[in-house]
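In what follows, a single structure is set out as structure tokens and then discussed.
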Amino acid sequence: MPLSQFSAPGRLTDFNPQQAAAWSEIIYFWINNAIDFLKYQYGEPVYFFNELDIAHAALDAAPIEEIFWDGFPRSLRLVYNEEQVLQEADRWQSLAHYYKQRGWLLIECPEQGSPRFVDFHYRNQDEYLEWFVTRHPLTGAMEKITFTCEAPEYWRFIGNGSANLLPADAASTPALPPHRQQLLDMYRTLVSPQVRLDDLLFAHTVMVFDPQASNREDSIIDYWPRGTYNPFNQWNTTHGLIHLTHPANTLKAQVQLAALATILRHDHNGCLIKNDAIKLLCCSGNGQPNRSSDPTIVERINTLVRQGIAITLPDPVGLYIHHLDTNGIEGPNGEDTGAGWRIVRGREGMILRAEFQVPADRSYGLEDIRVDGEPLRHGGQLATKIKMFLQGKGFDFGAPPPQPHGCTHCCTPAPENYDYKRVAPIL
Numbered sequence: 174m175p176l177s178q179f180s181a182p183g184r185l186t187d188f189n190p191q192q193a194a195a196w197s198e199i200i201y202f203w204i205n206n207a208i209d210f211l212k213y214q215y216g217e218p219v220y221f222f223n224e225l226d227i228a229h230a231a232l233d234a235a236p237i238e239e240i241f242w243d244g245f246p247r248s249l250r251l252v253y254n255e256e257q258v259l260q261e262a263d264r265w266q267s268l269a270h271y272y273k274q275r276g277w278l279l280i281e282c283p284e285q286g287s288p289r290f291v292d293f294h295y296r297n298q299d300e301y302l303e304w305f306v307t308r309h310p311l312t313g314a315m316e317k318i319t320f321t322c323e324a325p326e327y328w329r330f331i332g333n334g335s336a337n338l339l340p341a342d343a344a345s346t347p348a349l350p351p352h353r354q355q356l357l358d359m360y361r362t363l364v365s366p367q368v369r370l371d372d373l374l375f376a377h378t379v380m381v382f383d384p385q386a387s388n389r390e391d392s393i394i395d396y397w398p399r400g401t402y403n404p405f406n407q408w409n410t411t412h413g414l415i416h417l418t419h420p421a422n423t424l425k426a427q428v429q430l431a432a433l434a435t436i437l438r439h440d441h442n443g444c445l446i447k448n449d450a451i452k453l454l455c456c457s458g459n460g461q462p463n464r465s466s467d468p469t470i471v472e473r474i475n476t477l478v479r480q481g482i483a484i485t486l487p488d489p490v491g492l493y494i495h496h497l498d499t500n501g502i503e504g505p506n507g508e509d510t511g512a513g514w515r516i517v518r519g520r521e522g523m524i525l526r527a528e529f530q531v532p533a534d535r536s537y538g539l540e541d542i543r544v545d546g547e548p549l550r551h552g553g554q555l556a557t558k559i560k561m562f563l564q565g566k567g568f569d570f571g572a573p574p575p576q577p578h579g580c581t582h583c584c585t586p587a588p589e590n591y592d593y594k595r596v597a598p599i600l
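In the working numbering, the protein residues as written are 174 to 600.
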């Protein structure tokens with residue numbers, strides 16, 4: 174049957190009917206917004222489409238393309254050796270520093286007093302997969318490793334309502350209010366019964382500010398009012414894990430990445446760029462070339478478009494854990510450890526949250542397990558065995574072939590590491 178509404182990621186059942194309808198409108202808006210940008214920037218035909226707007230009998234049976242990449246951050250592997258890279262993946266990152274690198278400031282605005290600098294933590298894990306290690310409170314021994322690929326927007330929607338994700342003129346019904354009790358109950362179920370609602374909300378208004386902007390409207394990059402959901406709260410960072418925290422790990426960014434990947438590119442010699450994921454990404458500036466995910470997604474989608482196939486993100490729109498490869502993950506005496514992997518949210522082949530821990534009937538602990546012969550000491554050792562994926566749906570509408578466009582960006586190697594690329598616009 175034709176698609177009538179976008180589902181929650183992984184077909185989760187957290188939403189009531191009003192929430193489900195509003196979430197569908199958010200996804201619909203993001204996809205159409207990306208289509209409008211492509212029309213404005215590159216003209217027609219557009220090879221990215223919205224399945225809710227297409228009434229075509231054959232669309233239900235259109236093939237699904239599964240795009241896979243590794244869960245452990247390639248960006249860290251390019252910089253650190255094997256001994257260092259697992260430690261770096263566990264190291265907390267400064268959100269203020271992340272924005273400072275882009276020329277922006279992270280500012281807190283108390284109701285009483287002057288604005289001041291503020292900081293939050295995020296994880297150094299940028300492949301749409303993040304993890305958290307639960308340790309024994311006295312010994313510090315590893316007890317459980319939790320993995321998630323849940324988008325922050327999903328939890329912002331529950332915590333703040335629909336207004337900050339969906340403009341009023343794009344909504345068919347009034348904005349949904351926050352569902353704070355639902356937010357709290359879910360945190361308590363998934364992380365800790367000790368979570369308090371105040372722990373999850375911004376105590377003061379926080380904004381990302383561009384001091385170089387030419388006018389006030391452009392100076393505010395992001396804005397989180399006092400009392401709204403704080404995605405960088407302690408129960409999603411230092412004390413637990415609910416959803417993705419790295420600023421690049423967002424669902425909206427995935428939609429934009431997929432849409433821009435439909436634009437064919439030629440180099441300065443006029444030659445079509447193909448079969449070179451890094452070169453294609455550097456030419457378009459669409460994503461980060463040092464990740465496993467972005468170049469892989471861009472190249473696979475671009476390959477389909479070169480064949481005259483239009484692309485969409487099929488329902489349910491999301492990025493997922495596909496599986497954990499348990500080969501090489503063994504107990505101290507070679508025992509199979511597959512029973513330690515448990516899907517918590519999502520479903521087989523479309524996992525959003527999973528945990529790995531030693532089953533209660535085993536006589537050994539998590540740190541007695543060996544991963545490819547090495548003692549398990551970091552969550553990243555299992556992340557190297559996780560495959561991530563997203564789906565693309567292709568359909569040939571019989572439109573004329575798209576024309577390639579020239580490069581708008583280029584990559585230069587970092588001075589200290591030739592393999593690490595930096596993207597910059599061509600001026």
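Think of the CB as a built atom: it goes at the ideal place given N, C-alpha and C, for glycine as much as any other residue.
As the structure is a prediction and not an experimental result, all values here were calculated from the model.
DSSP places Asn500 in the coil class of the three-state scheme, outside both helix and strand. DSSP places Ile393 in the strand class (E or B) of the three-state scheme. Per the coordinates, the alpha-carbon of Asp440 lies some 21 Å from the alpha-carbon of Pro218. With contacts defined as CB atoms closer than 9 Å, Asp592 and Leu251 qualify as a contacting pair.
Nearest in C-alpha terms to Gly286, of all of Ile446, Tyr220, Ala434, Thr378, is Thr378. In the DSSP assignment, Asp209 falls within the alpha helix (DSSP H) that extends over 190-215. Rounded to the nearest whole angstrom, the CA to CA distance from Lys560 to Pro288 is 43 Å.
Minimum Cα-Cα distance from Asn590 among the listed residues Ser180, Leu339, Gly513, Asn463 corresponds to Asn463.
One Cα belongs to Pro487, the other to Gln564, and the distance between them is close to 7 Å.
DSSP links Ile280 through a beta bridge to Phe290, Met380.
Between the alpha carbons of Ala431 and Ile474 lies a gap of roughly 7 Å. Selection Leu279, Leu211, Ser365 evaluated against Pro384 yields Leu279 as nearest (Cα-Cα).
Taking C-beta atoms as the reference points, Glu528 and Val544 fail to come closer than 9 Å.
A contact is defined here as three or more CB-CB pairs under 8 Å, and the segment 326-345 fails this definition with respect to the segment 534-553. Ile516 is bridged by DSSP to Ala527.
Put simply, the backbone Cα of Pro577 is about 21 Å away from that of Val428. Taking each of Ser267, Asp263, Thr312 in turn and checking the Cα distance to Trp304, the smallest one comes out for Asp263.
Inclusion of Glu508 and Arg535 in the CB contact set at 9 Å is warranted, their separation being smaller than that value. When C-alpha distances from Thr557 are compared across Thr510, Leu497, Ile599, Arg275, the shortest belongs to Leu497. At least 9 Å separates the beta-carbon of Thr321 from that of Ile470. With fewer than 16 other Cβ atoms from the protein chains shown falling within 10 Å of its own Cβ, Gly313 counts as exposed.
Shortest Cα-Cα distance from Leu211 to any of Ile436, Ser457, Gln480, Arg520 involves Ile436. Note that the segment 442-459 does not touch the segment 188-204; fewer than 3 beta-carbon pairs, one per stretch, sit closer than 8 Å. Leu232 places its beta carbon 9 Å or farther from that of Phe179.
In the three-state scheme derived from DSSP, where H, G and I count as helix and E and B as strand, His578 is classed as strand. Residue pairing by DSSP places Gly443 in no beta bridge whatsoever. Spatial neighbours of Tyr272 in its own chain (CB-CB distance under 7 Å, excluding positions within 5 residues in sequence) are listed in chain order as Leu278, Leu279, Val381. Of the candidates Pro505, His309, Val490, the residue whose Cα lies closest to the Cα of Gly519 is Val490. Straight through space, the alpha carbons of Leu356 and Trp328 are spaced by roughly 8 Å.
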